[in-house]
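>
In the UniProt record's numbering, the protein residues as written are 1 to 246.
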């Protein structure tokens, strides 16, 4: 598939990185953290035994996503076949996702949570910061979107981790050169963004906009929307939406 075929809905896979409790960190669990610099992402290790200090691991947990998905489906009394039919995906793929053996594309995940009456944020519910108010630089989790044959793709840095009590959702979208979302996506809500770095092309409905540093945007989330990095360097967008969907 050529890079220009950026509307493909099958090219994105999602993995989640969790905030790890201190007792698990002592056991040697590692996680991705972002140091607050929109151009630099570091992989931070926890204290370990001799010889383990420099070992780097990426913690991903497709099983957690699958378990949440299964819980939501069973709570609503849906069979695998019924959910697969309603979300326009195969029953076999859905079974693999629930068992942690496959990851859904972003558009598929949107369809699944739409049928289940929940949102993507709930699927990846995260820990709160200091009293649920302050979230320190270097402690915010990342959700990595890894488009196939699209370089390093896209990652979402959580400005505020998902909580059912939040009306707003804030992320910094980091898009590598050549990276793109797996649009188009539609859902209830409204979105606002501000370009922190790089150049992007934003598609809303049938209109296309080229944006650079300092440009901002707002649109109704019910319009089909997607974006891509059209520059030669990483682009970063401060993105706010309501209600929470990621």
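The beta-carbon is built from N, C-alpha and C at its ideal position, and this holds for glycine as well.
Closer than 6 Å by C-beta to residue 172: which residues in its own chain qualify, once you throw out the five before and the five after it? Chain order, please.
157, 236 and 238
> Please classify residue 193 as buried or exposed, where buried requires at least 16 neighbouring CB atoms within 10 angstroms.
buried
> List in chain order: all unbroken beta strand (DSSP E) runs of 3+ residues lying wholly within the stretch 177 to 205.
Runs of beta strand (DSSP E) with 3 or more residues, each lying fully within the stretch 177 to 205, are found at 190 to 197 and 200 to 204, listed in chain order.
> Report the residue from 227, 160 and 187 whose alpha carbon sits nearest the alpha carbon of residue 201.
227
> May I have the straight-line CA-CA distance separating residue 169 from residue 78, to the nearest angstrom?
28 Å
> Relative to the alpha-carbon of residue 80, which residue among 110, 115 and 64 has its alpha-carbon at the smallest distance?
115
> Taking 7 Å as the limit between beta carbons, can you name the residues of its chain near residue 84, skipping five residues before and five after?
90, 91 and 94
> Thinking C-alpha only, which one of 224, 68, 195 and 97 is nearest residue 211?
Shortest Cα-Cα distance from residue 211 to any of 224, 68, 195 and 97 involves 195.
> What do you get for residue 143, buried or exposed, if any count of 16 or more other CB atoms within 10 angstroms of its CB means buried?
Residue 143 should be labelled buried.
> In terms of DSSP beta bridges, what is residue 156 paired with?
Looking at the DSSP output, residue 156 bridges to 143 and 173.
> Tell me whether residue 166 sits in a helix, a strand or coil according to DSSP, three-state version.
coil
> Rounded to whole angstroms, how far is the Cβ of residue 241 from the Cβ of residue 190, which I believe are closer than 8 Å?
7 Å
> From the DSSP output, read off the bridge partner residues of residue 207.
204
> Ordered along the chain, which non-local residues of its own chain (more than five positions away) have a Cβ less than 7 Å from that of residue 99?
66
> Let's see if you can read the secondary structure: which residues bound the alpha helix (DSSP H) around residue 254?
The chain is shown from 1 up to 246; residue 254 falls before or after that span and cannot be answered.
> How big is the Cα-Cα spacing for residue 112 and residue 135?
30 Å
> Out of 88, 102, 188 and 186, which has the shortest C-alpha to C-alpha gap to residue 64?
102
> Residue 218: buried (16+ other C-beta within 10 angstroms of its C-beta) or exposed?
exposed
> DSSP three-state label for residue 134, please.
Strand at residue 134.
> Under a three-way DSSP split, which group does residue 57 fall into?
Note that residue 57 has pLDDT 26, beneath the 50 cutoff, so the model's placement of it is unreliable and no number is given.
> State the beta-bridge partners of residue 236 as determined by DSSP.
DSSP lists 174 and 197 as partners of residue 236.
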